[in-house]
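Trainee: Add 185 to the 1-based position in the sequence shown for our numbering, that's all there is to it.
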Amino acid sequence: MRAYITGTSAISPQPTFEQEHYLQQLVVPGQAYLAALEPDYRQYIDPKLSRRMARIIKMSVATARKSLEHSGQEPAGAGPGAEALPGAIIVGTGLGCLQDTEKFLAEIVETREGLLSPTAFIQSTHNTIAGQIALLLGCPHHNFTFVQRGFSFERALEDALLQISEGVSQVLLGGVDEVTPTLFGILEQLDCAGKAENSNPDVQTTGQRPAWGEGATFFTLSGTPESTALACIEGLHSFYAAATDEEVAEKTEAFLKQCGTTASKLDAVLMGFTGNRQDDAVYEALGKKLFNQIPLLRFKHLCGEYFTASAFGLHLAAAMLQRQQLFAGTLVKGEVKEPLQKILIYNRSQGKYHSLMLLSSCRSL
186 MRAYITGTSA ISPQPTFEQE HYLQQLVVPG QAYLAALEPD YRQYIDPKLS
236 RRMARIIKMS VATARKSLEH SGQEPAGAGP GAEALPGAII VGTGLGCLQD
286 TEKFLAEIVE TREGLLSPTA FIQSTHNTIA GQIALLLGCP HHNFTFVQRG
336 FSFERALEDA LLQISEGVSQ VLLGGVDEVT PTLFGILEQL DCAGKAENSN
386 PDVQTTGQRP AWGEGATFFT LSGTPESTAL ACIEGLHSFY AAATDEEVAE
436 KTEAFLKQCG TTASKLDAVL MGFTGNRQDD AVYEALGKKL FNQIPLLRFK
486 HLCGEYFTAS AFGLHLAAAM LQRQQLFAGT LVKGEVKEPL QKILIYNRSQ
536 GKYHSLMLLS SCRSL
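1) Verify whether the separation of the beta carbon atoms of PRO325 and TYR189 is less than 9 Å.
2) Tell me which residues share the same chain as ALA513 and place their Cβ nearer than 7 Å to its Cβ, disregarding the 5 neighbours each side in the sequence.
3) On the three-state DSSP scale, how would you describe ARG394?
4) Hey, quick one: how far does the alpha helix (DSSP H) through GLY498 stretch, first residue to last?
5) From THR447 to PHE289, what does the alpha carbon distance come to, in whole angstroms?
6) Could you tell me which of GLN526, THR193 and ALA239 sits nearest to LEU506, measuring between CA atoms?
7) Among residues of its own chain, excluding the 5 on either side of LEU516, which ones have a beta-carbon nearer than 7 Å to its beta-carbon?
8) DSSP has THR331 in a bridge; who is on the other side?
9) Relative to the alpha-carbon of MET456, which residue among ALA428, HIS486 and GLN308 has its alpha-carbon at the smallest distance?
10) When burial is assigned at 16 or more other CB atoms within 10 Å of the CB, is HIS539 buried or exposed?
11) Tell me the rounded alpha-carbon separation between LYS450 and LEU529.
12) Could you check the C-alpha separation between MET238 and GLU399 for me, to the nearest Å?
13) State the Cα-Cα distance for the pair PRO265 and ASP452, rounded to the nearest angstrom.
14) Go ahead and pull the three-state DSSP assignment for PHE424.
15) If we ignore side chains and look at the alpha-carbon of each, how far apart do PRO198 and LYS251 end up?
16) Name the one or two DSSP bridge partners that LEU543 has.
17) Would you check if the distance between the CB atom of LEU346 and the CB atom of ARG187 is smaller than 9 Å?
18) Since THR405 and LEU375 are thought to touch, with beta carbons under 8 Å apart, how far apart are those beta carbons, to the nearest angstrom?
19) Could you tell me if the beta carbon of THR365 falls within a distance shorter than 8 Å of some heavy atom in the ligand PLP?
20) Pull up the DSSP beta-bridge partners for TYR189, would you.
21) Count the other CB atoms within 10 Å of the CB of ALA221; is the residue buried (16 or more) or exposed (fewer)?
22) Mapping DSSP to helix, strand and coil, what is ARG462?
23) Quick one: what does DSSP say TYR154 is sitting in, helix, strand or coil?
24) Can you tell me which residues form a DSSP beta bridge with LEU234?
25) If you follow the beta strand (DSSP E) that ASP376 is in, where does it begin and where does it stop?
26) Taking 8 Å as the threshold, find out whether the region 412-432 comes into contact with the region 465-476 through three or more Cβ pairs.
27) What would DSSP say about GLN355, mapped onto helix, strand or coil?
28) With C-beta atoms as the reference, is VAL353 less than 9 Å away from GLY445?
29) Among PHE306, ALA434 and ILE274, which residue has its Cα nearest to the Cα of ILE293?
30) For THR201, which of helix, strand or coil comes out of DSSP?
31) Which residues mark the beginning and the end of the alpha helix (DSSP H) in which LYS537 is found?
32) Quick one, which of ARG533, GLU373 and LEU511 has its alpha-carbon nearest GLU523's?
33) For VAL552 and SER235, I'd like the C-alpha separation in whole angstroms.
34) Can you tell me whether ALA402 is helix, strand or coil according to DSSP?
35) What did DSSP end up calling ARG483 once you bin it into helix, strand or coil?
See the structure below:
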């Protein structure tokens, strides 16, 4: 199954939302985790509506609209039946609207399980994100949210590919997660997250654990090949808890064969290096086993680690293919030669959720 990325947008801990300033200068994290750089939302959301929206909703709505605009669609003012509407809205999220979840739970404690306002509960459900986007666009079509820990975005992408294979002309796909001080404190206590450095954006953590991050990334996907498309998604494969490095290599080789290519035909491999020695050992082993002559790239120094970080990896790879360039600090090993035609993305989340995505350039279409 193939799909063509006709538009994409990301709000991340780095300047990725505005195309004219895209990753021109890396931002040094000013707190323990990599917090998203939020834009002025007034251009994308009515201020009267945004006052009642949680951060994650505002980030998602803005990137969804920006992605549609990037693809040449104009979502503003679209109503039911308008041609600009996507045929499906699909979102993957690991933790959903965490800020509202915390607010609702705090109210339960404060009122001693008494009478509660239902607003925070209604807005805390995971499918609130996709639902809000559909309401604002006036889109009555297929609307699903996938929550499966480290596979949340992959399951959403899988559904998007299925929708396109069944004839849906355009799909709006997103991967979204947020981090709050409360969540970060819990992750730190559980020894699941390290602190982002305050001086050097190229160094991720002060300890052994990866720096935690957040972001909202959206894509507009089409089933029609066009030379104006940013990139083509040629394949997706995910697998759980591979026992050995050899098993990871075997599954990667099988995936490339299924996509009709080999490791030697790749121009680069984008991996989820985190700065954690144990995590990165898997990436390094795969690089030595299959991609010894292929340039290795990284993306989590820009976005941090979170359940749907692979969505940002896909966004970054599409930007590389569109612009035919690398971005600050992404090169780990080797030398990338132009033109960039094929990029393999390999991500591992929580040590057991493995995913592979193959992306190719559309410049020759």
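Ideal Cβ positions, reconstructed from N, Cα and C, are used throughout, including at glycine.
Mentor: Quick look at the numbers:
1) No, Cβ-Cβ distance for PRO325 and TYR189 is not below 9 Å.
2) Within the same chain, ALA513 has close Cβ partners LEU208 and LEU211.
3) coil
4) 494-508
5) 50 Å
6) GLN526
7) PRO480 and LEU482
8) The displayed chain sequence assigns Phe, not Thr, to residue 331. PHE331 pairs with GLY277.
9) HIS486
10) Answer is buried; the Cβ neighbour count reaches 16.
11) 10 Å
12) Roughly 17 Å between the two C-alpha positions.
13) Unreliable positioning characterises PRO265 in this predicted model, as indicated by a pLDDT of 44, which lies under 50. The coordinate reading is nonetheless provided below. Near 42 Å, if we compare the C-alpha coordinates of ASP452 and PRO265.
14) strand
15) Between PRO198 and LYS251, the alpha-carbon positions lie close to 17 Å from each other.
16) Checking the DSSP bridge columns, you'll see LEU543 partnered with GLY420 and LEU529.
17) yes
18) Wrong, their Cβ atoms sit about 37 Å apart, outside the cutoff.
19) Judged by which ligands are present, the structure shown has none, so any question about the ligand PLP falls away.
20) SER407 and CYS417
21) buried
22) helix
23) Here the chain has residues from 186 to 550 only, and residue 154 is not among them.
24) Note: LEU234 sits in no beta bridge, so no partner.
25) Per DSSP, ASP376 belongs to no beta strand (DSSP E) and is neither H nor E.
26) yes
27) strand
28) no
29) PHE306
30) coil
31) Segment: none, LYS537 is in no alpha helix (DSSP H) and carries neither H nor E.
32) Distances from the CA of GLU523 to each of ARG533, GLU373 and LEU511 were compared; the closest alpha carbon is that of LEU511.
33) Because the chain is modelled from 186 through 550, residue 552 falls outside the range shown and cannot be assessed.
34) The sequence shown places Thr at residue 402, not Ala. In the structure shown, THR402 sits in a strand (DSSP, three-state: E or B).
35) strand
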